[in-house]
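Residue numbers (numbering that gives the first Met the number 0), protein chains in the order written: chain A, 0 to 350; chain B, 0 to 505.
Worksheet: the structure to be examined is printed underneath.
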Amino acid sequence: MAHDSLYAAPTTAEAEPGAGRLAGLRGLVGSWDAVIVAALVVVVLVASLTVENFASGRNAQFLLLDLMPLALIALPMTLIVITGEIDLSVASMVGLCSTLMGQLWLSSGLSLELICVLVVLLGAVLGAVNGLFVTGFGLPSLAVTIGTLALYRGMSFVVLGDQAVADFPADWTAAVVRAIPGTSIPVVVVPLLLLAVVFGVVLHATAAGRALYAMGNNDQAATFTGVSVARTKFWLFVVSGAVCGLVGIFWTLRYASARGDNATGLELTVVTAVLLGGVSIFGGRGALLGVVAGVLLLGVLRNALQLADVDANALTIVTGSLLIASVVLPNAVADVRARLHRRRQRHAVAS
Amino acid sequence: MTADAPGAQAPLLVLDGVTKSFGAVAALRGVHLALHSGEAHALVGENGAGKSTLVKVLAGAHAPDSGSMSLDGQPLRLRGPADARAAGIAVIYQEPTLFPDLSVAENIFMGRQPLRGLRRIDTAAMNRDAEKLFQRLGVRIDPTRPARGLSIADQQLVEIAKAISFDARVLVMDEPTAALSGVEVERLFAVARSLCLGGAAVLFISHRFNEVFDLCHRVTVLRDGAWVSSDDAADLTVDEVVRRMVGRDVSSLYPKQDAELRDTLLEVRGLTRAGVFTDVSFSLRGGEIVALAGLVGAGRSEVARAIFGVDRYDTGAVLVAGRAVPAGKPGRAIAAGMALVPEDRRQQGLVMELSVERNATLARRRALSRLGLLLGGAERAEARHWTRRLQVKASRLGAPVATLSGGNQQKVVLAKWLATEPRVLIIDEPTRGIDVGTKSEVHRLLSELAGEGLAILMISSELPEVLGMADRVLVMHEGRLVRELPRAEADETSIMFAATGQGATA
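Below is the structure:
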């Protein structure tokens, strides 16, 4: 091989763009995302045919409303898991934000608008506490957020005890469940879609998004490239907390009830949806569209099972099984593929 | 100084014509070594001379490709570390590997604890046995305390206690004194001498010649993986040993063209980090390549990382083109025009799972954004430009960088940093682990970049590379800059003298 000049011959370097795109397409067809989308289609079809009332407009409205908390929290969770961290305190932050909203409405005399702003800020502060422990003290997020999962849940019972605040103004509680006129799609889906687009663009089409993937794969190399790993992760936890504040408001108004046990166990569903969506629990891999598919699959499945009168414990079993499957299966599939690939290469060499 | 020559009787351990290659790189080429019972034997050589590989062969971690070993006249084949241990060969590394949360005694007897009824561990007997070992060594360490918190010196003594509990007859010590203070070295040597008196053979690897001559009876010199000489220490001088370590021709592989010197681009003033490096000051002008030479562990990479902001420093200042760069902020260093090609390509230079394209543009991700958005085309075009200029061989730009060869990976790291159009390029071991063809490409590229006005700080453990490429050579020894040699005065001997702490007084 002649190395006459460093500037010579474009022949050696890489890639015709067409080849890359084609390979990308091939990768997509055989990918985990495709499996999830196919599973979603199957669940929708089977449920439409076998479950009474599933295919009604009224159910679609309820389904989307039920989906809201899961879908909203899955957005920051996706980014956090891609950096190699996790936030298990999300459901407890929702609960604490909800009870604080109830307590403020009950006793402070502030307007509901102002209370909503304060609740979102409170969520951000709760997230900042997580972020501080994880990045400031260098503790594993798994341990920190299991701790705050218990801490925040406990605090939400301190705020309201076992009573519930229910006397929110009817125009507010009606507003969050109202459908877009002429359809059965709730109005609140619009801000959800906007947020999903924002998170998708940040993750896939900005410098910050590139940094998230880099630090999820190798935070040392990311640091050497000028990425502020700690600062970025801190702000992700803050955003996660703020979104939980929003969900706390939505939850409280939708059920017209601020209670200490609101959203208990939601973290399991969120993490399941994110991993189902193809995000690697080890960090560094995943896409937001996959997570949207994962959220829809999990939401539709739970809705259909509820309509079919499957009890709540069975639902938890299904969710837990899906969580494990979504961690195990992609690895198993990759394993089988690698083995097939090796065998094919051996055949190619042999022939 | 030396005990009576034990060379009369037959040697205890003999290595004859031992060869070991890793891929195309020959790490050991026909090495001879004869260790006698009761002898302390020094093994010296430059970085990369093959000392560590030889230690690993003795430890049973590497099987030699050819050549023979014998112990007590019996052929010796080591299929793994367990075989070496069974044969009575114990290796003590520079950084001991103890279990920090177990007690000292548990560390010594790991895997073969004395048992009593019902297979329970007999802790009392274990502590007693450990106590006896320490008495034999003449040191006082509490066997019941956890290993965590022991000084490096005491950890090494625990390793030695472990070794003699195996009845080790050959004790290999790989730079055991690198982290020790004077008193601790004396204590270690006292232990080593008493082991020799007891009939063991000690193989001692060190860069510190005064220690070599203080402890050892014989000295074996390795160079480029090959055996050079074995002599009685009494017949040698430090000068002679250094000459034998470096004596080879400077190859003409490394063509640094003379470039016009421009303004000062990088200034480092009194950089200090406690225990790592002290009062490091130098400056770099555009158009010159300055090499930072020294032995492994002298603090060169640490200085580079501190300059770039990946590591913190306690005092001092870093200026690029006359303007101070804040400490501890790689992002700001990059913005100021600095680039660092780090020592460890796989851990620090690249995100192995990401594509060539993403890696090549990662440092430019902000500059390539339009209105904050980073859309596909910009990165691809940039990556294509730089991978072509550096002739990166990859199946496609979307391929994970892990699938590339070492040389091509290094080119991707270079592409990533050259794309930032730096004014100051710090490059740590630019050609480690890459093939000869790519090596000369990298050297030619560095020379061209200097010609374009970059200031280049090159850290290299390969003396021919340093001598071929550098306009000036800065030599570090134990965290300090000890010599500055202009090109005309730099040769292998002068650099090695300074790097081993001998030239500091010259």
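The beta carbon of each residue, even a glycine, is placed where N, CA and C say it ideally should be.
Review point. Would B:Ile107 count as contacting chain A if we go by Cβ distances under 8 Å?
Key: no
Practice item. Specify, as a first and last residue, the run of the beta strand (DSSP E) that B:Ile288 falls within. Key: Boundaries of the beta strand (DSSP E) harbouring B:Ile288: Ile288 to Gly293, taken from the DSSP string.
Check your understanding: chain B beta carbons: is any one of them nearer than 8 Å to that of A:Ala303?
Key -> no
Practice item. Please confirm if the stretch 214-222 of chain A is in contact with the stretch 105-120 of chain A, defined as three or more CB-CB distances below 8 Å between the two stretches. Key: No: fewer than three Cβ pairs fall under 8 Å.
Exercise for review: Under 9 Å between beta-carbons, which chain A residues line up against B:Gln409? List them in chain order, please.
Suggested key: Per Cβ cutoff of 9 Å: no residues; B:Gln409 is ~14 Å from chain A at best.
**Study point:** Cβ distance (whole Å) where B:Ala497 is taken to contact B:Val481 below 8 Å
**Key:** At roughly 5 Å, the Cβ-Cβ gap stays under 8 Å, so B:Ala497 and B:Val481 are in contact.
Check your understanding: So A:Gly293 and A:Leu275 are in contact, right, with Cβ under 8 Å, and what is the actual spacing, rounded?
Key -> 4 Å
Check your understanding: Are the stretch 390-407 of chain B and the stretch 311-331 of chain B touching by the rule of at least three beta carbon pairs closer than 8 Å?
Key -> no
Point to revise | Whether B:Ala377 touches B:Leu367 by CB criterion (8 Å) | key: yes
Point to revise | Partner residues on chain B for A:Arg209, Cβ-Cβ distance less than 7 Å | key: Within chain B, Arg357, Leu361, Arg364 and Leu373 have C-beta atoms less than 7 Å from the C-beta of A:Arg209, given in sequence order.
Check your understanding: Sorted by chain position, which residues of the same chain lie with C-beta nearer than 6 Å to B:Ala211's C-beta, five sequence neighbours on each side aside?
Key -> In the sequence on display, residue 211 of chain B carries Val and not Ala. Taken in chain order, the residues that qualify are Ala41 and Ser205.
Check your understanding: So which residues on chain A does B:Ile333 lean against when the C-beta distance must stay under 9 Å?
Key -> Thr224 and Gly225
Point to revise | Buried versus exposed, by CB contacts within 10 Å (16 or more), B:Pro142 | key: buried
Exercise for review: Please determine, among B:Arg268, B:Val295, B:Ala359 and B:Val472, the residue with the shortest C-alpha to C-alpha distance to B:Thr386.
Suggested key: B:Ala359
Check your understanding: Which ranges would you report for the beta strand (DSSP E) in the stretch 219-285 of chain B if only whole runs of at least 3 residues count?
Key -> 225-231, 263-272 and 276-284
Check your understanding: At a Cβ threshold of 8 Å, is A:Thr77 touching chain B?
Key -> no
**Study point:** Sequence-distant residues of its chain with Cβ nearer than 8 Å to A:Leu69 (five each side left out)
**Key:** Cβ neighbours of A:Leu69 beyond the five flanking positions: Leu265, Thr268, Val269, Ala272, Val294, Leu297 and Gly298.
Review point. Applying the criterion that 16 or more other CB atoms from any shown protein chain within 10 Å of the CB defines a buried residue, is A:Asn261 buried or exposed?
Key: buried
**Study point:** chain B residues whose Cβ lies nearer than 7 Å to that of A:Thr205
**Key:** Ser368, Gly371, Leu372 and Leu373
Check your understanding: Can you tell me whether A:Leu193 is buried or exposed, with buried defined as 16 or more other CB within 10 angstroms of its CB?
Key -> exposed
Point to revise | Contact residues within the stretch 334-350 of chain B, judged by C-beta distance below 9 Å to chain A | key: So the close ones are Ala334, Leu339, Pro341, Asp343, Arg345, Gln346, Gln347, Gly348, Leu349 and Val350.
Check your understanding: Since A:Ser91 is in the alpha helix (DSSP H), which residue starts that stretch and which ends it?
Key -> For A:Ser91, the uninterrupted alpha helix (DSSP H) run begins and ends at Val89 to Ser106, by DSSP.
Practice item. Output the boundary residues of the beta strand (DSSP E) element that contains B:Thr18. Key: Leu12 to Phe21
Review point. If you draw a straight line from the C-alpha of A:Asn312 to the C-alpha of A:Thr49, how long is it?
Key: 22 Å
**Study point:** Alpha carbon of A:Cys243 to alpha carbon of A:Val157, nearest angstrom
**Key:** 19 Å
Check your understanding: Hey, how far is the Cα of A:Trp31 from the Cα of A:Val40?
Key -> 14 Å
Exercise for review: Pull up the distance between the alpha-carbon of B:Ala326 and that of B:Ala332, whole angstroms please.
Suggested key: 9 Å
Exercise for review: Answer with buried or exposed for A:Leu44, where buried requires no fewer than 16 other C-beta atoms within 10 angstroms of its C-beta.
Suggested key: exposed
Practice item. Could you tell me if A:Asp161 is buried or exposed, where buried requires 16 or more neighbouring beta carbons within 10 angstroms of its beta carbon? Key: exposed
Check your understanding: If you measure from the beta carbon of A:Leu339 to each beta carbon in chain B, is any gap under 8 Å?
Key -> no
Practice item. Go through its chain and collect everything with a Cβ distance to B:Val184's Cβ below 6 Å, but skip five positions before and after it. Key: Thr176
Review point. Counting Cβ pairs closer than 8 Å, one from the stretch 49-61 of chain A and one from the stretch 179-188 of chain A, do we hit at least three?
Key: yes
Check your understanding: Would you say B:Glu352 faces chain A, with C-beta separation under 8 Å as the test?
Key -> yes
Exercise for review: Would you decide whether B:Gln409 is buried or exposed? Buried here means 16 or more other CB atoms lie within 10 Å of its CB.
Suggested key: buried
Point to revise | Pair within 8 Å by beta-carbon distance, A:Ala210 and A:Gly126 | key: no
Point to revise | Interface residues of the stretch 303-316 of chain B facing chain A [CB-CB below 7 Å] | key: Val309
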